[in-house]
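86 is the number of the first residue of the sequence shown in our numbering; add one for each residue after it. Idealized CB from N, CA, C, for every residue including glycine. Everything numeric in this text was worked out from a predicted model, so none of it was measured.
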Amino acid sequence: MSTGHVELAGLELTMGILTGLVLFVILETAVLYFNFGPWFKKPNLSPGPSPERYIGAAIHSFVAMVVTGGILTLVFSNLDFENNPITNWYGFNNICILFDSAPSTYISPVFWFFVAYLIVRFAVEDTKRLVQMQHISSRLRSASYASNVFLVIVAAAFSLCLAVAPEDNMYLHTAPFIGLVVAFPLIFVMHCFQDPNRTNKYIVAAGLFMTVSIVKSCFLIIALIQFEGFRHVPVSIAQPVDVFWTLMALSAPFLMPPPKIIPTEQYAN
86 MSTGHVELAG
96 LELTMGILTG
106 LVLFVILETA
116 VLYFNFGPWF
126 KKPNLSPGPS
136 PERYIGAAIH
146 SFVAMVVTGG
156 ILTLVFSNLD
166 FENNPITNWY
176 GFNNICILFD
186 SAPSTYISPV
196 FWFFVAYLIV
206 RFAVEDTKRL
216 VQMQHISSRL
226 RSASYASNVF
236 LVIVAAAFSL
246 CLAVAPEDNM
256 YLHTAPFIGL
266 VVAFPLIFVM
276 HCFQDPNRTN
286 KYIVAAGLFM
296 TVSIVKSCFL
306 IIALIQFEGF
316 RHVPVSIAQP
326 VDVFWTLMAL
336 SAPFLMPPPK
346 IIPTEQYAN
């Protein structure tokens with residue numbers, strides 16, 4: 086299958102990488118200051134950043150990664166958007182196409198370091214909050230803890246998506262992403278169970294996000310299996326699901342209410 090792009094070298098590659106680094110410094114600095122400005126000014130400010138602030142910053146960092154990848158891909162990569170490994174396997178381009186060719190392949194891991202770090206900090210702070218929740222069952226506590234651990238593992242493994250080119254091994258390129266598709270909505274499902282005051286709207290939203298994520302994962306797995314005579318789910322079905330999932334993933338941290346700690350629980354330990 087075609088790699089879908091012409092390899093860069095020499096001055097053009099150098100200029101692309103330098104452009105990416107400049108965008109990284111500007112955008113990531115803006116993201117960190119926007120989300121953690123009060124703590125930059127007063128490092129001992131109490132309380133510290135909430136779990137939601139960390140996961141929100143992770144989303145902002147990922148958006149900065151997408152913007153940078155888009156600029157680098159459109160300006161420098163000479164990518165063939167009609168014929169490349171992503172379209173050959175799945176039938177359409179998804180957001181990953183912006184990270185799959187030079188110079189974006191060299192800059193995206195720099196962004197992902199911050200995305201993954203912020204996800205880990207979210208998991209740590211969310212687990213601290215979980216420990217204070219005395220109203221939840223031991224089974225729910227264990228399941229919530231496991232979902233946070235799963236998210237951290239997937240965040241680390243996602244680096245493989247950036248390290249392994251789709252034309253080299255589509256299975257290794259996609260498998261960590263499938264893990265992320267499942268792990269990310271799972272934390273909101275756990276939050277829904279943890280919140281004794283959850284509303285029907287919250288239950289529906291969390292359930293819909295998880296359902297769409299499972300469907301999207303199944304579509305990806307079907308494409309990887311490459312059934313004879315049925316290589317992938319029709320684009321007219323798979324692409325809207327992909328777009329809907331992406332929009333939900335980017336907006337969920339800002340729309341889903343966090344679970345509340347009952348005031349008496351803060352002093353239980």
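Looking only at C-alpha atoms, which of PRO338, PRO270, ALA115 and TRP174 sits nearest to PHE294? The sequence position of residue 294 within the sequence shown is 209, counting from 1. Cα-wise, what sits closest to PHE294 is PRO270.
In or out: THR259 buried (at least 16 other Cβ within 10 Å) or exposed? Here the question's residue 259 lines up with position 174 in the sequence shown. Buried, because 16 or more other Cβ atoms sit within 10 Å of the Cβ of THR259.
Is the stretch 205 to 218 touching the stretch 286 to 293, taking contact as three or more C-beta pairs under 8 Å? no
Euclidean distance between Cα positions of ILE346 and MET275: Here residue 346 corresponds to residue number 261 of the sequence shown, with the count starting at 1. Here residue 275 corresponds to residue number 190 of the sequence shown, with the count starting at 1. Using only the alpha carbons, I get a separation of about 14 Å.
By the 10 Å Cβ neighbour count, where 16 or more other Cβ atoms means buried, how is GLY133 classified, buried or exposed? Mapped onto the sequence shown, residue 133 falls at position 48. Exposed, by the Cβ-count rule.
So LYS301 packs on VAL326, CB below 8 Å; how close in whole Å? For the purposes of this step, residue 301 is taken as the residue at position 216 of the sequence shown. For the purposes of this step, residue 326 is taken as the residue at position 241 of the sequence shown. Indeed, because the Cβ distance is near 5 Å, the residues count as touching under 8 Å.
Relative to the C-alpha of VAL116, which candidate in THR331, LEU130 and GLY141 has its C-alpha closest? Numbered from 1 along the sequence shown, position 31 holds the residue referred to as residue 116. The alpha carbon of VAL116 has as its nearest neighbour, out of THR331, LEU130 and GLY141, the alpha carbon of GLY141.
Around the Cβ of GLN279, are there at least 16 other Cβ atoms within 10 angstroms (buried) or fewer (exposed)? Looking up residue 279 in the sequence shown gives position 194. Counting Cβ neighbours within 10 Å, GLN279 comes out buried, since at least 16 surround it.
PRO128 classed as buried or exposed, judged by whether at least 16 other C-beta atoms fall within 10 angstroms: Position 43 of the sequence shown, counted from the start, is the residue given in the question as residue 128. Exposed, because fewer than 16 other Cβ atoms sit within 10 Å of the Cβ of PRO128.
Beta-carbon separation of PHE184 and LEU112 under 8 Å? As a first step, residue 184 is located in the sequence shown; it is residue number 99 there, counting from the start. As a first step, residue 112 is located in the sequence shown; it is residue number 27 there, counting from the start. No; because the gap between Cβ atoms is not below 8 Å, this pair is not in contact.
In this structure, does DSSP put PHE177 in helix, strand or coil? Counting from one through the sequence shown, the residue named residue 177 turns up at place 92. In the structure shown, PHE177 sits in coil (DSSP, three-state: anything other than H, G, I, E or B).
Less than 8 Å between the C-beta atoms of THR158 and GLY105, yes or no? Here the question's residue 158 lines up with position 73 in the sequence shown. Here the question's residue 105 lines up with position 20 in the sequence shown. In this structure, GLY105 does not lie closer than 8 Å to THR158 by Cβ.
Where do the N-terminal and C-terminal ends of the alpha helix (DSSP H) with SER244 fall, by residue? Position 159 of the sequence shown, counted from the start, is the residue given in the question as residue 244. For SER244, the enclosing alpha helix (DSSP H) has its first and last residue at 244 to 248.
Comparing alpha-carbon positions, which option in PHE339, MET255, ILE306 and CYS303 lies nearest ILE171? Locating residue 171 in the sequence shown gives position 86, counting from the first residue. Taking only the C-alpha atoms, the option nearest ILE171 is MET255.
Between the Cα of LEU103 and the Cα atoms of TYR191, TYR139 and ARG214, which residue gives the shortest distance? Sequence index remark: in the sequence shown, residue 103 carries index 18 (1-based). For the residues TYR191, TYR139 and ARG214, the minimum Cα distance to LEU103 belongs to TYR191.
Local conformation of PHE161 per DSSP, three classes: Translated into the one-based positions of the sequence shown, residue 161 becomes position 76. It is helical.
So THR296 is in the alpha helix (DSSP H); what residue range does that whole segment cover? The residue given as residue 296 occupies position 211 in the sequence shown. Taken as a continuous stretch (DSSP letters only), the alpha helix (DSSP H) holding THR296 covers 285 to 310.
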